[in-house]
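Single-structure report; data block below.
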Amino acid sequence: MINLRYCNKITNEITIKIFLRCISDTCKYRMNCSNGGYTNPNNCYECKCPTGLNGRDCLSVEKSKTSKCGGDLLASYDYQNITITALNGNVHCVWRIRSRAQVLVYIDQLQLPCKATCTTYLELKFKADMILTGSRHCCELPNAWIASESDTFVIIYKANILTDGFDDLDSSASKLLPHKKLIMTTTTTTTRTRPTITTTTTTPTTTTSITKVTSAWSKWGKWSACSVTCGGCGIQRRIRACYDKNQYCP
1 MINLRYCNKI
11 TNEITIKIFL
21 RCISDTCKYR
31 MNCSNGGYTN
41 PNNCYECKCP
51 TGLNGRDCLS
61 VEKSKTSKCG
71 GDLLASYDYQ
81 NITITALNGN
91 VHCVWRIRSR
101 AQVLVYIDQL
111 QLPCKATCTT
121 YLELKFKADM
131 ILTGSRHCCE
141 LPNAWIASES
151 DTFVIIYKAN
161 ILTDGFDDLD
171 SSASKLLPHK
181 KLIMTTTTTT
191 TRTRPTITTT
201 TTTPTTTTSI
211 TKVTSAWSKW
221 GKWSACSVTC
231 GGCGIQRRIR
241 ACYDKNQYCP
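Below you can see the structure in the form of structure tokens.
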């Protein structure tokens with residue numbers, strides 16, 4: 001079972017119509033906004049853009065709030081890497097990757113606090129409609145290449161390391177390892193021969209018993225019922241046990 005946490009927020013068509021009516025009543029001039037943006041009712045000469053995009057007409061990448069991360073990238077036929085390390089406090093990084101066709105992205109490693117609320121997450125926006133919130137990952141990573149529907153792929157990394165911390169990492173369940181005894185046997189035989197006297201000395205078999213104690217996680221229990229029904233974003237829980245006298249499992 002894949003322990004993947006994600007949230008998709010789909011904008012309602014009725015909400016968009018209400019926005020457009022509000023804008024038409026407020027602004028005499030309407031901006032030509034791209035990528036699903038709309039005229040800002042509070043400033044009729046700029047666009048309100050989807051997350052990950054910015055600029056007067058939503059054609060630019062959103063500026064990262066954290067320095068030395070994010071920006072515009074151009075995909076090529078060679079593999080290129082994005083590595084996020086040694087960032088503290090509130091972290092906000094936005095990358096926009098573009099190509100002449102589609103963009104392929106593979107998440108090689110993801111180590112974030114695994115929480116049901118997924119407040120620290122990596123968001124992948126690969127749909128052609130940029131209004132849609134991308135899939136948000138904070139536990140196990142997607143084990144597949146992800147292709148953009150258009151020529152644009154937006155990646156958003158948001159974290160509050162001071163609040164969430166990184167001591168609550170989740171991992172895949174490992175099999176329970178029982179305590180076993182390992183039997184080691186050593187035999188040594190020495191033979192000496194003389195013309196008239198033959199002496200044979202045999203060292204008896206030595207058996208050493210070593211007890212190996214291994215701490216391990218049990219298998220995951222069943223998922224609990226979801227706290228919210230009818231398509232809402234709720235919480236499910238499951239439990240596993242640590243088998244060790246000190247209750248420490250790596």
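Note that the UniProt record's numbering has the sequence shown beginning at 1, numbered continuously upward.
The beta carbon of each residue, even a glycine, is placed where N, CA and C say it ideally should be.
- Considering only 33, 78, 154, the residue with the shortest C-alpha distance to residue 64 is 154.
- Around the beta-carbon of residue 158, 16 or more other beta-carbon atoms lie within 10 Å, marking it buried.
- One thing to note: residue 73 has its Cβ no nearer than 8 Å to the Cβ of residue 34.
- Judged by their CB atoms, residue 151 and residue 76 are not nearer to each other than the 8 Å cut-off.
- Distance from the Cα of residue 42 is smallest, within the candidate group 71, 36, 138, 31, for 31.
- Excluding five sequence positions before and after residue 102, the CB atoms of its chain that fall closer than 6 Å to its own CB belong to 147, 148, given in chain order.
- Taking the Cα positions, residue 131 is about 19 Å away from residue 92.
- Taking C-alpha positions only, residue 46 is separated from residue 28 by approximately 13 Å.
- Rounded to whole angstroms, residue 142 and residue 48 show a C-alpha spacing of 31 Å.
- Residue 160 and residue 120 do touch by the CB rule: their CB atoms are close to 6 Å apart, below 8 Å.
- When DSSP reads this structure, residue 98 sits in a beta bridge with 74, 152.
- For residue 127, same chain residues with a beta-carbon under 6 Å away, outside a window of 5 residues either side, are 149 in chain order.
- Taking 8 Å as the cut-off, the Cβ atoms of residue 104 and residue 145 count as close.
- Taking residue 66 as the centre and dropping the five residues before and after it, the same chain places the C-beta of 87, 91, 92, 93 closer than 7 Å to its C-beta, in chain order.
- Under a 10 Å Cβ-count criterion, residue 117 is classified as exposed, with fewer than 16 other Cβ atoms of the shown protein chains found around its own Cβ.
- Residue range 121-125 is occupied by the beta strand (DSSP E) that includes residue 121.
- In the DSSP assignment, residue 27 falls outside any beta strand (DSSP E), carrying neither H nor E.
- A direct Cα-to-Cα measurement between residue 80 and residue 95 gives close to 13 Å.
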